[in-house]
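Student: Take any residue in the sequence shown, note its place counting from 1, add 57, and you have its number in the working numbering.
Just so it is clear, CB atoms sit at the ideal spot from N, CA and C, and this is done for glycine as well.
Please see the structure below; I have some questions.
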Amino acid sequence: MTHTWPMGAVTHGDIALALADNDPSRMLEPTPEQRLVIEAPPVPSLVMAGAGSGKTQTMVQRIVWLVAAQGVHPTEILGLTFTRKAAGELRERVQLALARLRSEGLVGGDEFASPEVSTYNSFANRVFSENALLIGQEPDARIVDEMTAFALMRSVVLASDDTRLSSLDLQLGAITTLALGVARAMRDNQLSAAACESFVEEFRRVAELPGRGTANTPLKPVVDAVATLDELPIFVGLAERYQLEKRKRGLIEFSDQVTFAAEICSSTPAVVEELRARHRFVILDEYQDTSVGQTRLLGTIFGDHPVLAVGDPKQSIYGWRGASPGNMRRFHGDFRSRIVPPDEEPTFQLSISWRNDARILDSANQVAARLPEANDPGVTQLGTRPGAGEGRVSLAFPETLDDEAAAVATWMRERIVVDGDTHGDARPPSGAVLLRARKLLPLFSAALTRAGVPNRVIGLGGLLSAPEVVDLRCAMRVAHDSTAGNELIRLLVGARFQFGLADVQAIHDVSRSLANRDVTMASLADEVRASKRDLATGDDEVPLQEALDFLASRIASEDRRTEPDTWLAGLSPGARQRIPAVSELIAELRRNSGLPITSFVDATIALMGLDLEVTANPGNIARVGNLDAFAEAAAAFSSAEPDADLGAFLDWVEIAAGDDSLAPVQEQAEPGVVQLLSIHGSKGLEWDFVAVPRSVEGEMPSTSIDGLGWIRRGVIPYELLLDAHDRPELPWRDAETQKELADLMVDLKERIKERNDDEERRLAYVAYTRARHELLIAGSYWSAIHKTARKVSVFVDELAEAGIIDTPPENTLDEAPASLAADSVAWPHAPFSPERHERVTELAQAVAHARDTQAAPGGALARRIELLLRERAERSTVMSVELPARFAASKFKDLVTDPAEIAAQLRRPMPQKPFRQTRIGTMFHAWVEAHYAAPNAGGDLLGMAEIFGTEDGALNSLADASNADFAELERLQEAFLETPWPHRTPVLVEQTIEFRLGDRTVVCKIDAVFEHEGRIEVVDWKTGRVPSGDSARWERQLQLALYTLAYSEHTGVPPERIDAVLVYVREGEEIRVPEVTGRAELERLLAEAEAALSAASPSA
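In structure tokens form, the structure reads like this:
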């Protein structure tokens, strides 16, 4: 492609001044390190960019410099990163920078010309879909997500006739997960079933090696290893069937895209030539996280090409998904230049942290100093920025886990909360609690709540561990599986039924007794019992559900007996009263279990009274959102896999809840709120204050679960993998005896442990570098979870030896402290405080009395009169309500103009009728988003079928839209296509941004943002009618004012450079708001609305 622009003498100073709006005081010229990266020669180049070193800004400057100073056309530049969020942010920053340069005359040409910025998977998918027919594949295959993949593999396992599956002694969900892992490993590493089975057959021969002594006794480690590898063909067979099912159904995974794209590029040089011509310059972000399959694909296409790979081997924490720090080390070999000698291949550094204060950086460098890559050529320690603060790293190491959680909460309160609120009018700081494992997130969240610190658990793991969601999951599992004993016990001992432990034991005893009786309730003969014990499937108890049903029937007929019922002898009077209710609840849950998954979720919430419970608790009103989020997850699962049953959904939830490596969706820090998430999920984020608890051996760092590496269930042997050279080797073919092989396996286990220790050290480095100003490292010796004391983390010891933190106090106890070793515990726990319990009891007695009164002569009329009088009294009583900590910007207008109605909704949330115009508006917004996502579609109205008309459409919940709805939607589409907007390129579309207003968080879902002539346009599509009158227009602009403020704070663009536009599509009219309401006025309106909520009373 020829350049359409002449080469210009544009300097870095010219670019910096233009980006600073020609204000020399705001100019940020590149540092010497950044300048080297920006001006990297047009050959494969590697950039070692430490945490917080400004790599994104440097990549933007590289692109801008190529366009402005080297005359490269923007469309000739390709940028790849991992997440859509990261790709969107990089694309947005590049477009804004190019727009500024165009407005200053430093860049010419088409104002809509922009580099291609996408994710690695999206790029692979484009290569595949454009050329799929070359390898006999369908280009329109549907991409499946994690839920669909799990459900499909589960169905494959259920349909399998492989009799060897029973020998695995694993639950269905575990088999599904292992088989899915094998399928993906085979695909990523281009492995055939024959290659795997051939390896297993060869490995079996180690059992024939000489054993121990003259008796030639086989060694247990060798016998176990052979038995483990013998299971691999079972999973390989399931993987093969899974791949066949995917192709049969027209499905494709992300790993398939990479594999197929690599196959296309390896077999068709013309495709590679076209891609190289299209993308003259390439930037690869987060290169340390690429898999070996991705690096092979990129190396095949862009070897000996102007590629700039940016990454940090110290932040390579996704080894579980195929990433390896060795990718950085192998870069120049994978992208070998033909003109640069190996010893002159360019490697650059970004070694200044623009995020961390000095002491925090010291702690990160200290923990990373022992990583193997720390000694690689070209890798240097991060240094502090000019003018960096001193920062502070603190240690909290009390005796017990509860004390540790309290210490973290107190530390956060002192920094986040001031005089009862989050820093008043000043912008409050942000905070995070980062944990190695998610299972303790609820405990630390509860401690923060008790300390009065606003907090939110981020991600699916936090949602699934919320108490109300756990109760919901247990109820659904009990309905689906009659053997779900643990889940049933949670329901029994919970706040609703409050069974004591003695009653639970009594029910368990009944279940065991029933197992030893026949249908006539006579005891089984001893020889029958013995034969049951000998059977592999013999049970010594019946399911607890069956025992409960049996006891309920005995209780129901107790009045007809003359003698005491011995079956009920072990139960307390309270248990006898509650067992029938439990039995009836379970029966009702079972009856509903045949409903669609989403309907069953709603029905279970109602039957369990969970919605009422969380709504009635003023201290946990935010938990209503947890139930809604779980229902949304169920809807997403059903939409992704319409044929999946309840069991598939529950198994997927179980896997998602227990997988600590699943990273949550990345969210920006919330000022004034402490976010709790896993360390894996924190990468790429930053906060003012960060706490890293559980810094003890076995947790941070964690104990390796890899054991013998590939000699584990469902793991492909390392030597068959494409990155075998980066993994510990087991030279098992060299062993001449079983003893030699056993010794080699011990050595393998030690090297795998060292590899795991390095991974944990990288996690600590990532966690520490998330903090801007202060870092708290916490731990404790004792907890109710472990019988013995935990040891201080090696990371804590190293930091203490370096003088960065205090030396932790020694553990002086030989056994758990008395607070953890109480002789007795009151059970069940009281769900209410004594005072509240008394009040609830009084209300219950009043209800019972009213019911009795209504049954008496004349009671119905008296009851009606009483209700009317009570209603009048309630209407005259002021009941204050509080605005939730987070609310949608779309609610702000109603909050300001009609606080009484908002108060009524908050007092008694009611389901809203799905209005037709709302549904049409939602459909239109989805179509516009699809239009901008696929601009080459030309606005084809028939594309609606892809969004709404299929079972797996993105908006499956709108599939019941009427023909009239679609006709109205088509009129809106035609009107939209007549405006200039479809032909412009947005900076972003349908992006959610959260920001702090007063002491609340406002959630803004921005329709679209455009750049035009150096200014930003925030656009809100409206499908209704144009408002008449100044008052109505002022109300409409309130939402745009919030969007403007949110975008300004998210990007740093001054509000005065942002225009707010209301586009009324139906009438083709634009309303440009000359000046939206500013922050001060918005905060005043919010304060007035909150005051009105507190004083609002129902209308008479």
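Let me confirm a value: P273 is counted as buried when at least 16 other C-beta atoms fall within 10 Å, else exposed. Which label applies?
Tutor: As a working note, residue 273 is residue 216 in the sequence shown. In the sequence as presented, Pro is not what sits at residue 273; that position holds Asn. The residue is exposed, with fewer than 16 neighbouring Cβ atoms inside 10 Å.
Student: When you compare only the Cα positions, how much space is there between F169 and A859?
Tutor: Position 112 of the sequence shown, counted from the first residue, corresponds to residue 169. Position 802 of the sequence shown, counted from the first residue, corresponds to residue 859. Taking the straight line from one Cα to the other gives about 54 Å.
Student: Compute the Euclidean distance between the alpha carbons of S186 and A143, then round it to the nearest angstrom.
Tutor: Indexing the sequence shown from 1 puts residue 186 at position 129. Indexing the sequence shown from 1 puts residue 143 at position 86. Distance between the alpha carbons of S186 and A143: 23 Å.
Student: Considering only the alpha carbon of each residue, which of E670, P728 and R921 lies closest to H1107?
Tutor: For the purposes of this step, residue 1107 is taken as the residue at position 1050 of the sequence shown. For the residues E670, P728 and R921, the minimum Cα distance to H1107 belongs to P728.
Student: What number of angstroms, rounded off, separates the C-alpha of E512 from the C-alpha of V730?
Tutor: Sequence index remark: in the sequence shown, residue 512 carries index 455 (1-based). Sequence index remark: in the sequence shown, residue 730 carries index 673 (1-based). One point to set straight first is that residue 512 is Asn, not Glu, in the sequence displayed. Cα to Cα, N512 sits roughly 5 Å from V730.
Student: Which value, in whole angstroms, describes the spacing of the CA atoms of H60 and G128?
Tutor: Here residue 60 refers to the residue found at position 3 when the sequence shown is read from its first residue. Here residue 128 refers to the residue found at position 71 when the sequence shown is read from its first residue. Low per-residue confidence applies at H60: pLDDT is 34, beneath 50, and the placement is therefore not dependable enough to give any value.
Student: Give me whichever residues DSSP pairs with Y1121 in a beta bridge.
Tutor: Sequence index remark: in the sequence shown, residue 1121 carries index 1064 (1-based). Answer is K1079 and E1126.
Student: What separation, rounded to the nearest whole angstrom, lies between the Cα atoms of K305 and K1079?
Tutor: Along the sequence shown, read from residue 1 onward, the residue named residue 305 stands at position 248. Along the sequence shown, read from residue 1 onward, the residue named residue 1079 stands at position 1022. Whole-angstrom Cα-Cα distance: 42 Å.
Student: Hey, S420 and I861: beta-carbon distance below 8 Å or not?
Tutor: Numbered from its first residue, the sequence shown carries residue 420 at position 363. Numbered from its first residue, the sequence shown carries residue 861 at position 804. Contact flag set, yes.
Student: Closer than 7 Å by C-beta to L940: which residues in its own chain qualify, once you throw out the five before and the five after it? Chain order, please.
Tutor: As a working mapping, residue 940 is identified with position 883 in the sequence shown. These residues qualify, in order along the chain: R1057, E1147 and L1150.
Student: Starting from the N-terminal side, write out each stretch of the beta strand (DSSP E) that is 3 residues or longer and does not extend beyond the segment 1046-1071.
Tutor: Counting only runs of 3 or more, we get 1057-1069.
Student: Is W839 helix, strand or coil when you go by DSSP?
Tutor: Residue mapping note: residue 839 aligns to position 782 of the sequence shown, counting from 1. The answer is strand: DSSP assigns W839 an E or B state.
Student: For N543, count neighbouring Cβ atoms within 10 angstroms of its own Cβ and tell me buried if that reaches 16, exposed if not.
Tutor: Along the sequence shown, one-based indexing puts residue 543 at 486. The residue in question, N543, is exposed, as its Cβ has fewer than 16 Cβ neighbours within 10 Å.
Student: Given a cut-off of 8 Å, decide if L877 and A846 are closer than it, judged by their beta-carbon atoms.
Tutor: Within the sequence shown, numbered from 1, the residue matching residue 846 stands at position 789. Within the sequence shown, numbered from 1, the residue matching residue 877 stands at position 820. Not in contact: A846 and L877 (Cβ atoms no closer than 8 Å).
Student: Rounded to whole angstroms, what's the CA-CA distance from L76 to A125? Just pull it up for me.
Tutor: Residue 76 sits at position 19 when you count from the first residue of the sequence shown. Residue 125 sits at position 68 when you count from the first residue of the sequence shown. If you take the alpha carbons of L76 and A125, they lie about 12 Å apart.
Student: Suppose the cutoff is 7 Å on Cβ atoms and the five residues either side in sequence are ignored; what does the same chain contact list for G294 look like?
Tutor: As a first step, residue 294 must be located in the sequence shown, where it is residue number 237. Closer than 7 Å at Cβ, skipping near neighbours: D219.
Student: For Q902, is the classification buried or exposed, using 16 other Cβ atoms within 10 angstroms of its Cβ as the cut-off for buried?
Tutor: Position 845 of the sequence shown, counted from the start, is the residue given in the question as residue 902. Result: exposed.
Student: Quick one: which unbroken alpha helix (DSSP H) runs of 4-plus residues sit fully inside the segment 178-247? Chain order, please.
Tutor: DSSP runs (the alpha helix (DSSP H)) wholly in the segment 178-247: 203-216 and 229-245.
Student: Note down the Cα distance separating W839 from D763, rounded to an integer number of angstroms.
Tutor: Taking the sequence shown and counting its residues from 1, one reaches residue 839 at position 782. Taking the sequence shown and counting its residues from 1, one reaches residue 763 at position 706. For W839 and D763, the distance between alpha carbons rounds to 26 Å.
Student: Hey, would you say F338 sits closer than 8 Å to F359, going by beta carbons?
Tutor: Here residue 338 corresponds to residue number 281 of the sequence shown, with the count starting at 1. Here residue 359 corresponds to residue number 302 of the sequence shown, with the count starting at 1. No; because the gap between Cβ atoms is not below 8 Å, this pair is not in contact.
Student: Can you look up N868 in the DSSP assignment and give me helix, strand or coil?
Tutor: Within the sequence shown, residue 868 is the residue found at index 811, counting from 1. Three-state DSSP puts N868 in coil, outside helix and strand.
Student: State the CB to CB distance for the pair L832 and Y825, rounded to an integer number of angstroms; the pair is presumed to be in contact (CB under 8 Å).
Tutor: One-based indexing of the sequence shown puts residue 832 at position 775. One-based indexing of the sequence shown puts residue 825 at position 768. Indeed, because the Cβ distance is near 6 Å, the residues count as touching under 8 Å.
Student: So, for E645: in the same chain, excluding its five sequence neighbours on each side, which residues have a beta-carbon less than 8 Å away from its beta-carbon?
Tutor: To locate residue 645, count along the sequence shown from 1; it is residue 588. Correct list, in chain order: L664.
Student: Tell me which residue opens and which closes the alpha helix (DSSP H) that N413 is part of.
Tutor: Start at 1 with the first residue of the sequence shown, and residue 413 comes out as number 356. Unbroken run through N413: none, as it is neither H nor E.
Student: Do you know offhand how far V710's Cα is from A97's?
Tutor: Reading the sequence shown from its first residue, position 653 is the one you call residue 710. Reading the sequence shown from its first residue, position 40 is the one you call residue 97. Distance between the alpha carbons of V710 and A97 is about 47 Å.
Student: Give the C-beta separation of P278 and G268 to the nearest angstrom, bearing in mind that I take them to be a contact with Cβ-Cβ under 8 Å.
Tutor: As a working mapping, residue 278 is identified with position 221 in the sequence shown. As a working mapping, residue 268 is identified with position 211 in the sequence shown. Not confirmed; about 11 Å, so no contact.
Student: Given that a residue counts as buried once 16 or more other Cβ atoms are within 10 Å of its Cβ, and exposed if not, what is E620?
Tutor: The residue labelled residue 620 in the question sits at position 563 within the sequence shown. Classification of E620: exposed, given that the 10 Å Cβ count is below 16.
Student: Thinking L1119 and L1095 are a contact (beta carbons under 8 Å), I'd like their distance in whole angstroms, please.
Tutor: Indexing the sequence shown from 1 puts residue 1119 at position 1062. Indexing the sequence shown from 1 puts residue 1095 at position 1038. With 8 Å as the limit, L1119 and L1095 do not qualify as a contact, their Cβ atoms being about 11 Å apart.
Student: Measure how close the beta-carbons of V1059 and E1051 come, nearest whole angstrom, since I'm counting them as under 8 Å.
Tutor: Mapped onto the sequence shown, residue 1059 falls at position 1002. Mapped onto the sequence shown, residue 1051 falls at position 994. Correct: roughly 7 Å between the Cβ atoms.
Student: Take D560 as the anchor and find which of E447, R635, V514 and A236 has the nearest alpha-carbon.
Tutor: Locating residue 560 in the sequence shown gives position 503, where the first residue counts as 1. Of the candidates E447, R635, V514 and A236, the one whose C-alpha sits nearest the C-alpha of D560 is R635.
Student: Count Cβ pairs between the segment 361-373 and the segment 102-109 that sit closer than 8 Å; are there 3 or more?
Tutor: Yes: at least three Cβ pairs fall under 8 Å.
Student: Leaving out the 5 sequence neighbours to the left and right, which residues in its chain are closer than 6 Å to I134 when beta-carbon positions are compared?
Tutor: The residue given as residue 134 occupies position 77 in the sequence shown. Taken in chain order, the residues that qualify are I120, P172 and F338.
Student: Would you check if the distance between the CB atom of I374 and the CB atom of L820 is smaller than 8 Å?
Tutor: Taking the sequence shown and counting its residues from 1, the one referred to as residue 374 is at position 317. Taking the sequence shown and counting its residues from 1, the one referred to as residue 820 is at position 763. Yes, the pair counts as a contact, with Cβ atoms nearer than the cut-off.
Student: So, with DSSP's three-state summary, where would you put H389?
Tutor: Mapped onto the sequence shown, residue 389 falls at position 332. It is helical.
Student: Leaving out the 5 sequence neighbours to the left and right, which residues in its chain are closer than 7 Å to A445 when beta-carbon positions are compared?
Tutor: Your numbering for residue 445 matches position 388 in the sequence shown. Excluding positions up to five away in sequence, the list reads D414 and A415.
Student: By how many angstroms is the C-alpha of A1065 removed from the C-alpha of R769?
Tutor: For the purposes of this step, residue 769 is taken as residue 712 along the sequence shown, with counting starting at 1. For the purposes of this step, residue 1065 is taken as residue 1008 along the sequence shown, with counting starting at 1. The alpha-carbon atoms of R769 and A1065 are separated by roughly 49 Å.
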